[in-house]
Amino acid sequence: MTINAWWRDSPEERYWMIAPSRGVVGDALIAPKADDDRRFEWSHELVACTEPGDTLFVWDRTLAVPGIGAWGRILGPLGEEDRMRRGRLLPHWRMPVSDTMRLASPISLASLRRVGGEIVALRDRLEAEVEGPVYFPFIGAPDTLAPAPAYIAKMPRDLVALLSSRFGFEFAL
Numbered sequence: 706m707t708i709n710a711w712w713r714d715s716p717e718e719r720y721w722m723i724a725p726s727r728g729v730v731g732d733a734l735i736a737p738k739a740d741d742d743r744r745f746e747w748s749h750e751l752v753a754c755t756e757p758g759d760t761l762f763v764w765d766r767t768l769a770v771p772g773i774g775a776w777g778r779i780l781g782p783l784g785e786e787d788r789m790r791r792g793r794l795l796p797h798w799r800m801p802v803s804d805t806m807r808l809a810s811p812i813s814l815a816s817l818r819r820v821g822g823e824i825v826a827l828r829d830r831l832e833a834e835v836e837g838p839v840y841f842p843f844i845g846a847p848d849t850l851a852p853a854p855a856y857i858a859k860m861p862r863d864l865v866a867l868l869s870s871r872f873g874f875e876f877a878l
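Using the working numbering, read the sequence shown as starting at 706 and increasing by one per residue.
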């Protein structure tokens, strides 16, 4: 399988959301690569689709109220490293990232659900326009919206614009 890189010809599509299990990104995105022994996992393979200069939003589960709590930049270059998993060395993607900066006001799940109708409409529109998966960072209906169960997901530019307008942070779009 391969990634459906629907954003590849749109230079303004430079945004991602990561949901690290411990709320900390560290100095790099690191995820197992698909190989002959491992099944394809899109949320791991997306690490290889990030590019230097891209913006990375961080879904932080460790906050008192989990939500989008920080952001950083992809630094690059993309590399590979072997890491021990289940008693054997396996190849992993490694993409260096900047230190993350905390948002002054994290965007909680309750806040996202308040604009859930707009988020779902944006997702539905994108899915109608794009053939194949879009790797959207949120699943569910407006009132049940939740982060996708993924290590990293594609944050469409229009979603960044929506969140920026509703929650008061600014990015050059």
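For every residue, glycine included, the Cβ atom is placed at its ideal position computed from N, Cα and C.
CB-CB under 8 angstroms to R719, same chain, minus the five flanking residues each way: which ones, in chain order?
E756, G758, D759, T760, R862
According to DSSP, is L878 helix, strand or coil?
Caution applies to L878, whose pLDDT of 45 falls short of 50 and renders its modelled position unreliable; the model cannot decide the point.
Provide the residue(s) that pair with R799 in DSSP beta bridges, ordered along the chain.
In DSSP, R799 forms a bridge with I735, G784.
How big is the Cα-Cα spacing for V865 and D829?
16 angstroms
A866 - containing alpha helix (DSSP H), residue span:
Counting along the chain, the unbroken alpha helix (DSSP H) around A866 starts and ends at 862-872.
If I measure Cβ to Cβ from P716 and keep anything under 8 angstroms in the same chain, skipping five residues before and after, which residues do I get?
none
Whole angstroms are fine: how far does the CA of A851 sit from the CA of V820?
Going from the Cα of V820 to the Cα of A851 covers about 12 angstroms.
Start and end of the alpha helix (DSSP H) containing V825?
Annotation: the continuous alpha helix (DSSP H) that includes V825 extends over 821-834.
When you compare only the Cα positions, how much space is there between L878 and A775?
Reliability of the predicted coordinates at L878 is poor, the pLDDT of 45 falling under 50, and no value is obtained from them.
Check whether the Cβ atoms of A856 and I723 sit closer than 8 angstroms, and answer yes or no.
The identity of residue 856 in the sequence shown is Tyr, whereas the question assumes Ala. In contact: Y856 and I723 (Cβ atoms closer than 8 angstroms).
With distances taken Cα to Cα, identify the nearest neighbour of D714 among I844, L734, C754, L768.
C754
Tell me whether G772 is buried or exposed, calling it buried when 16 or more other Cβ atoms sit within 10 Å of its Cβ.
buried
Top-ranked residue by Cα proximity to L794, from L868, W764, E785:
E785
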